[in-house]
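Here is the structure we will look at, set down as C-alpha cells.
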Amino acid sequence: MKVIAVANQKGGVGKTTTAVNLSASLAARGQKVLLIDADPQANATSSLMDKKEVSGSFYHLFDESIDSAINPTLVIHEQIRENLDLLPGHISSAKIERINSSKSLAALRRALKRTSNYNQVVIDCPPALGNIVEACLMAATHLLIPVRCDYLSLDGIEDLQDTVVSIQEFNQDLSILGVLRTFYDGRLKITESVDQSLKETFADLVLASFIPATVRVQEAPGYRQTLVEYAPHASATKAYRELAEEVITRVQKTTA
C-alpha cells in the first residue's frame, strides 16, 4: 500500500483539487483508493459529500479516548464513489496542532498499518507546516508537491524539503514523488519562467503531467462532483488521468 501526501504550505495551489481528482482518477483505473482529508477546512470532504452526513473524522484517529483511534475503519466512509473511500476532515482536526508528543503524532501511521486493503492512500494536507503535516509525512511513502505557476508559489518549497529531511529520520520510507505544475497556461510568460525555475531546481522531480488553468476545476466542487463526473472531456480531467498514470509509474519505479 502506497501513501501519497499532497502538500504545500502555500494556499491556493490546487492541493485539494489535486488530492480529490488524483484519487478519483486512480479509482477510475481500478485502483482501490482511500482519500484522507487531513485539512481542518475539510474542503476535500465537502467536494464529495454533504458534511452534515459525516460521522467521525481524521481527528478521531488521534483521540485516544475513543475506539476509532484503535480501529480506523470506524470513521472511514466506504464507497463514496466506485473504488474510492473517504476518511473525512473536520474543523476539530485543528486540535492536533496542540499535540506535543511524537508518539501521538504517529497515530495516522499506526492507523494505516491496520488498513491494508488499499492500493493507494492519498492525503490532502493543510496549507501550513505544523503537526498535521508532520503526522501525514510520518505516515506517507511519497510526497506530491503541487506548485501554482506564479512566482509567489515558489516560496517555501525549501522549507517543505527541510521538513521532509527531518521526517525521514523517523520515516525512511518517505520520498518526494514529484512536483506538479498547476494553473498552467502556456500562453503566459510567467508560466514559462516558473516552469524553467522549477526544472532548474528540481530537475527530474518535475512531473511531465501538468494541470491547465480552467474554470471547470473551480466549478466541480460546487456540485460535489469530481472532474471525471462533472466534465469528463475537459482538459483538466484529461490531465488528472495522465497524472494518475504517471503517479502509478513513478511509485512502481521508486519501490522496484
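Okay, so the sequence shown: first residue is 1 according to the working numbering, each after it adds one.
Positions of the beta carbon are idealized from the N, C-alpha and C atoms, including for glycine.
Alpha carbon to alpha carbon, how far is residue j from residue i? Give it in angstroms, no decimals.
i	j	result
residue 58	residue 87	6 Å
residue 95	residue 202	34 Å
residue 180	residue 247	11 Å
residue 42	residue 11	14 Å
residue 134	residue 163	8 Å
residue 91	residue 225	22 Å
residue 51	residue 37	12 Å
residue 132	residue 219	28 Å
residue 89	residue 49	11 Å
residue 47	residue 222	7 Å
residue 118	residue 235	28 Å
residue 112	residue 191	38 Å
residue 214	residue 101	42 Å
residue 84	residue 78	7 Å
residue 106	residue 74	18 Å
residue 39	residue 127	8 Å
residue 244	residue 25	6 Å
residue 4	residue 182	17 Å
With C-beta atoms as the reference, is residue i less than 8 Å away from residue j?
i	j	result
residue 149	residue 6	no
residue 19	residue 44	yes
residue 114	residue 146	no
residue 2	residue 172	no
residue 188	residue 143	no
residue 139	residue 108	yes
residue 240	residue 21	yes
residue 160	residue 8	yes
residue 153	residue 13	yes
Quick one: what's residue i bridged to in DSSP?
i	result
residue 31	Paired residue(s): none; residue 31 is not in a bridge.
residue 81	84
residue 4	122 and 142
residue 212	184
- Considering only residues of the segment 122-205, which uninterrupted alpha helix (DSSP H) runs meet the minimum length of 4 residues and lie entirely inside it, listed in chain order? The segment 122-205 contains, as complete alpha helix (DSSP H) runs of 4+ residues, the segments 131-139, 157-168 and 189-202 (chain order).
- Task: Please confirm if the segment 21-36 is in contact with the segment 189-201, defined as three or more CB-CB distances below 8 Å between the two stretches.
- Result: The answer is no - the segment 189-201 does not touch the segment 21-36, with fewer than three Cβ pairs under 8 Å.
- Message: I'd like the ranges of any alpha helix (DSSP H) spanning at least 4 consecutive residues and lying wholly in the segment 36-76.
- Response: With a minimum length of 4 residues, the continuous alpha helix (DSSP H) runs that stay inside the segment 36-76 are 43-48.
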